[in-house]
Structures are given as C-alpha cells and as structure tokens.
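A.B. asks: Position one of the sequence shown corresponds to residue 10 (the UniProt record's numbering), numbered consecutively onward.
Don't be surprised by glycine CBs; every beta carbon is placed ideally from N, CA and C.
Just so we're clear, the structure is a prediction, and the values are computed from it rather than from any experiment.
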Amino acid sequence: NTTNCTYSARISLLPHRSIAMKEANNDLAQAYEYQGFWFLKQALRGLIWAQDHFKPHPAATLVASYPKTGTTWLKALAFSIATRNRFDLSSNPLETSISHQCIPFLELEIPRSPSHKYYPDVPLFSTHVPYTCLPDSITGSDCKIVYICRDPTDTFVSWWHFARKRAPEDVEFVPIEEGFQQFAEGYSLYGPYWEHILGYWRASLDRPDQILFLKYEDLVLNTSFYVKKLADFIGSPFSIEEERDGVVERIIDLCSFKHMSGLEVNKSGEHSNGLDHVTLPNSMYFRKAEVGDWKNHLPAKMKEQMDQIMELKLRDSGLAL
Ligand code: A3P
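Right, dumping it as structure tokens:
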C-alpha cells in the first residue's frame, strides 16, 4: 500500500550493508542504518509507522529486549502473570501458542494490523526497538517498560544459530568468527548491542518506577525473586494466598525452558513473526538456554575481546554485565 511504499522508498536511501550473510539482494541480509541502529527493512518500516502513528494503551506494559536475550521467556512470564486470573494455568494459551502469538511486536505485527491485539484486554506489547528510537507516544507516556539483556557473547551465539536456521538454504554466511567481529564492531540487527542496553539502562535510572531492567542470567539464577518483582512491577503482585498456594512456582514451571520446549506447539508448530512472507518454526526459539554456551562455539580470546569492549562502552554507566 501507499504508506508502505513511501516508507520503503525512504528506507532505500539510508546507508545499508549486509550483516553476517554474503547474499546482498536478500531482505534478510540487508540492514539499514536509522537513528544510529541497524534494522531489517520490514522492521524499520514498522518502526517508522509506529513513530508516526502508534498510541499506547495508558495502562500498557512494553516487554523490550535485544533479540536472543530471553524475549520468548520474558513474554511468557509477563503474559502468564497478567492473565492468571483469567485462565487457569493448566489451560493458559501458552500451552497451545508460542508467547509471540500472545503478545504482538510494536514494529512487526502492530503496524500490519494496528487495531489487532491477540488478547484485547491484556495490555502487553513487545519490541526489539532501542529505547532512543521508541515513539514519543511511549517514552512520553505512563507506559511501563520491562527490559531484558544477556551476556553479549551468548547473545551473539544464540543469534548466529537462529539466523542460519531462518535464512533460505541458498544464502551463504560469513564464517562465525567474521560474524562475531561484525557484532563486536556494532554491526548487528537492532545494534550496536551496547547502545541498545545503555538506552534502556539510562532510562531505568531516570525513571525506575517505569522501567524495570533485568538480566537473563539473574532470571536463570533467581527466577522466583525476579518473577515476583515482575508481577509487582506490572501491577499484578502475588497475594499471600497465591504465594502459599504455589502460584509463583506454577508460573515458573509453565514458562520454563523444559516445559515450553517440550510442548507440541513449540516442537512442531510455526508462526508468522510479522515480517512479510516469513513463517518460522516455533522450535527455533528454543535451542539450549544455557548460560555460557559461547564456549562451545568461540575461543576464549573472543569472549575476552567482547568483555573488554563492553567494559569500555559501559564504563561510567554503573552497569556491569
Ligand atoms: P539459546 O539460543 O542460547 O539457547 P529470544 O527469545 O530473545 O529469541 O531468545 C532465545 C534464547 O532464549 C535462546 O537461547 C533460547 O533457547 C532461550 N529460551 C527460550 N525459552 C526460554 C525459557 N523458557 N527459559 C530460558 N531460556 C529460554
């Protein structure tokens, strides 16, 4: 349609480059630089639409993340917490749909169908868009934001596997070491990664009541503590009776990697992630969920290089990963 064509024409004029793949004429390979970050064309078209038109529900919570940092998990936790009085946990929609089909993406599904919500009375939406690129209608509103980040080298390795599975068979990838160097230089989708993290981190310091900043590794180590914190934050705290009756543990079990990756819908189902013509097997979102899996794919000196870069970039921010 006309709007999309106009956005596409504008986007085509932006600086662009191929990330990780050698195939230049593929929409999944070409990333465009916009407001200091790299986006695939369709996500960027959706983002610009959102910057122009999107109005959040006043009580909405935005689940924000850099790709492969635990989005699927955090969306499942937020959804099951927010809907626990509507659905019995054993018949929660997460038993039959991946969490991406319960909470739409701001830059992917919402622009395609602005009035569509998977669950109309559940004011949750999600995004991979960096904080500084979010529509003013979100950053200037009372909208709450929960953000998750993850060790950068694990994040890269997770993305690398995902991107390879997602790409058409004839697309040639650069070697993983070269892909890692691109990531370390800031050429990554929705990246540079450190800028993505810093945007939400600084905002969380400015507005702690509105922005909750989480780390994947903390959530793995101390799931119960952070699930309760998440429930408090989104305005659905667990009551003493719920805690006594084991509701927190049941939510944790429902959303656990073991349970979710074993569900039939996540073993053999698929969903459209809002990018044109792209349907993805749900199983792609459940790989290993191991902290430190980078060791199986990259040498220790690359991890050190990444840690040094992060230390430098996050210096003076008060944040350590
Ligand atoms: P790995 O590739 O390291 O296994 P995202 O949801 O942002 O796309 O991130 C995907 C990563 O989160 C994958 O990491 C995936 O295995 C992991 N993951 C998915 N579901 C999870 C869950 N319920 N608990 C913990 N990790 C999960």
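#1: Count the other CB atoms, across all protein chains shown, that sit within 10 Å of the CB of N282; report buried if there are 16 or more and exposed otherwise.
#2: Exposed or buried, T164, counting other C-beta atoms within 10 Å across all chains shown (16 or more means buried)?
#3: So, for K126: in the same chain, excluding its five sequence neighbours on each side, which residues have a beta-carbon less than 7 angstroms away from its beta-carbon?
#4: So S146 and P65 are in contact, right, with Cβ under 8 angstroms, and what is the actual spacing, rounded?
#5: Does the ligand A3P have even one heavy atom less than 6 angstroms from the beta-carbon of M269?
#6: When burial is assigned at 16 or more other CB atoms within 10 Å of the CB, is A73 buried or exposed?
#7: Would you list, in sequence order, the uninterrupted alpha helix (DSSP H) runs of no fewer than 4 residues that lie entirely inside the region 53-139?
#8: Should K174 go down as buried or exposed, given a rule of 16 or more other Cβ atoms within 10 Å for buried?
#9: Pull the bridge partners of M30 from the DSSP assignment, please.
#10: What is the DSSP secondary structure of P290, counted as helix, strand or coil?
#11: Nearest to Y75 by alpha carbon, out of M269, N305, Y156 and D302?
#12: If you follow the alpha helix (DSSP H) that C264 is in, where does it begin and where does it stop?
#13: Please find out if some non-hydrogen atom of the ligand A3P comes closer than 6 angstroms to the beta-carbon of A73.
#14: Under three-state DSSP, which class holds T323?
#15: Within 6 angstroms: the Cβ of R173 and any heavy atom of the ligand A3P?
#16: Measure from the alpha carbon of I295 to the alpha carbon of each residue in F247, S270 and D316, then state which is nearest.
#17: Output the distance between the C-alpha atoms of P132 and R211, rounded to the nearest integer angstrom.
#18: Among C152, R93 and A59, which has the Cα closest to the Cα of S122?
#19: In the DSSP assignment, the alpha helix (DSSP H) including F295 goes from what residue to what residue?
#20: Quick one: residues in its chain with C-beta nearer than 6 angstroms to the C-beta of A87, no 5 flanking neighbours on either side, listed in chain order?
#21: Assign D160 to one of two classes, buried (16 or more other C-beta atoms within 10 Å of its C-beta) or exposed (fewer than that).
#22: If distances are taken between C-alpha atoms only, which option among V138, E42, F242 and L289 comes closest to L56?
#23: Report yes if the C-beta distance between Y43 and L22 is below 7 angstroms; otherwise report no.
#24: Are the beta-carbon atoms of S167 and K77 separated by less than 7 angstroms?
#25: With a threshold of 8 angstroms on Cβ separation, who are the neighbours of I20 within its own chain once the five nearest residues in sequence on each side are excluded?
#26: Whole angstroms are fine: how far does the CA of L98 sit from the CA of F222?
#27: Classify S248 as buried or exposed, calling it buried when 16 or more other Cβ atoms lie within 10 Å of its own Cβ.
#28: Just checking D227 against the ligand A3P - is the residue's beta carbon closer than 6 angstroms to any of the ligand's heavy atoms?
#29: Any heavy atom of the ligand A3P closer than 6 angstroms to the Cβ of R253?
#30: Using a beta-carbon distance below 7 angstroms, is P290 in contact with chain C?
#31: Consider the C-beta atom of T162 and the heavy atoms of the ligand A3P; say whether any pair is separated by less than 6 angstroms.
#32: For G79, verify whether its CB is less than 6 angstroms away from any heavy atom of the ligand A3P.
C.D. replies: Straight from the coordinates:
#1: As a position in the sequence shown, residue 282 is number 273, starting the count at 1. By the neighbour-count rule (16 or more Cβ atoms within 10 Å), N282 is buried.
#2: Position 155 of the sequence shown, counted from the start, is the residue given in the question as residue 164. The C-beta of T164 has 16 or more other C-beta atoms within 10 Å across all chains shown, which makes the residue buried.
#3: In the sequence shown, residue 126 corresponds to position 117, counting from 1. For K126, where only same-chain residues beyond five positions count, the Cβ hits under 7 angstroms are P113.
#4: As a first step, residue 146 is located in the sequence shown; it is residue number 137 there, counting from the start. As a first step, residue 65 is located in the sequence shown; it is residue number 56 there, counting from the start. S146 to P65, Cβ: 6 angstroms. Contact.
#5: On the sequence shown, position 260 is the one that residue 269 refers to. M269: yes, Cβ under 6 angstroms from the ligand A3P.
#6: Taking the sequence shown and counting its residues from 1, one reaches residue 73 at position 64. Its Cβ being crowded by 16 or more others within 10 Å, A73 is buried.
#7: Counting only runs of 4 or more, we get 80-91 and 118-121.
#8: To locate residue 174, count along the sequence shown from 1; it is residue 165. It counts as exposed.
#9: For the purposes of this step, residue 30 is taken as residue 21 along the sequence shown, with counting starting at 1. For M30, which the question treats as bridged, DSSP gives the partners F182.
#10: What you label residue 290 is simply residue 281 of the sequence shown in a count that begins at 1. Three-state DSSP puts P290 in a strand.
#11: Counting from one through the sequence shown, the residue named residue 75 turns up at place 66. It is Y156 whose Cα lies nearest to the Cα of Y75.
#12: Looking up residue 264 in the sequence shown gives position 255. Looking at the DSSP string, the run of the alpha helix (DSSP H) that includes C264 is V256 to C264.
#13: In the sequence shown, residue 73 corresponds to position 64, counting from 1. Exclusion of A73 from the 6 angstroms shell around the ligand A3P follows from its C-beta lying no nearer than that to any non-hydrogen atom of the ligand.
#14: Within the sequence shown, residue 323 is the residue found at index 314, counting from 1. Going by the sequence as given, residue 323 is Leu instead of Thr. L323: helix per DSSP, three-state reduction.
#15: The residue given as residue 173 occupies position 164 in the sequence shown. R173: no, Cβ never under 6 angstroms from the ligand A3P.
#16: Translated into the one-based positions of the sequence shown, residue 295 becomes position 286. Ile is not the amino acid found at residue 295; the sequence shown has Phe there. Per the Cα distances, S270.
#17: By one-based count along the sequence shown, residue 132 stands at place 123. By one-based count along the sequence shown, residue 211 stands at place 202. Computed Cα separation, rounded: 24 angstroms.
#18: Translated into positions along the sequence shown, residue 122 becomes position 113. Looking at the Cα atoms, A59 is the closest of the given residues.
#19: Locating residue 295 in the sequence shown gives position 286, where the first residue counts as 1. F295 -> no alpha helix (DSSP H), and no H or E assigned at all.
#20: Numbered from its first residue, the sequence shown carries residue 87 at position 78. Non-local C-beta neighbours of A87 in its own chain, meaning closer than 6 angstroms and more than five positions away in sequence, comprise V72 and L133, ordered along the chain.
#21: Locating residue 160 in the sequence shown gives position 151, where the first residue counts as 1. Counting C-beta atoms within 10 angstroms of its own C-beta, D160 has 16 or more neighbours from the protein chains shown and is therefore classed as buried.
#22: Here residue 56 refers to the residue found at position 47 when the sequence shown is read from its first residue. Measuring from the Cα of L56, the nearest candidate turns out to be V138.
#23: By one-based count along the sequence shown, residue 43 stands at place 34. By one-based count along the sequence shown, residue 22 stands at place 13. The answer is no: Cβ separation not under 7 angstroms.
#24: The count along the sequence shown starts at 1 and reaches residue 167 at position 158. The count along the sequence shown starts at 1 and reaches residue 77 at position 68. In contact: S167 and K77 (Cβ atoms closer than 7 angstroms).
#25: In the sequence shown, the residue the question calls residue 20 occupies position 11. Excluding residues within five positions, the ones whose Cβ falls inside 8 angstroms are Y41, Y43, K50, L53, R54 and I57.
#26: Counted from its first residue, the sequence shown places residue 222 at position 213. Counted from its first residue, the sequence shown places residue 98 at position 89. For F222 and L98, the distance between alpha carbons rounds to 26 angstroms.
#27: Position 239 of the sequence shown holds residue 248. The residue in question, S248, is exposed, as its Cβ has fewer than 16 Cβ neighbours within 10 Å.
#28: Here residue 227 is taken as the residue at index 218 of the sequence shown, counted from 1. Result no, Cβ not under 6 angstroms from the ligand A3P.
#29: Here residue 253 refers to the residue found at position 244 of the sequence shown. Between the ligand A3P and the CB of R253, the shortest heavy atom gap is not smaller than 6 angstroms.
#30: The structure shown contains no chain C, having only a single protein chain.
#31: Residue mapping note: residue 162 aligns to position 153 of the sequence shown, counting from 1. For the ligand A3P, not one heavy atom lies less than 6 angstroms from the Cβ of T162.
#32: Residue 79 sits at position 70 when you count from the first residue of the sequence shown. The answer is yes for G79.
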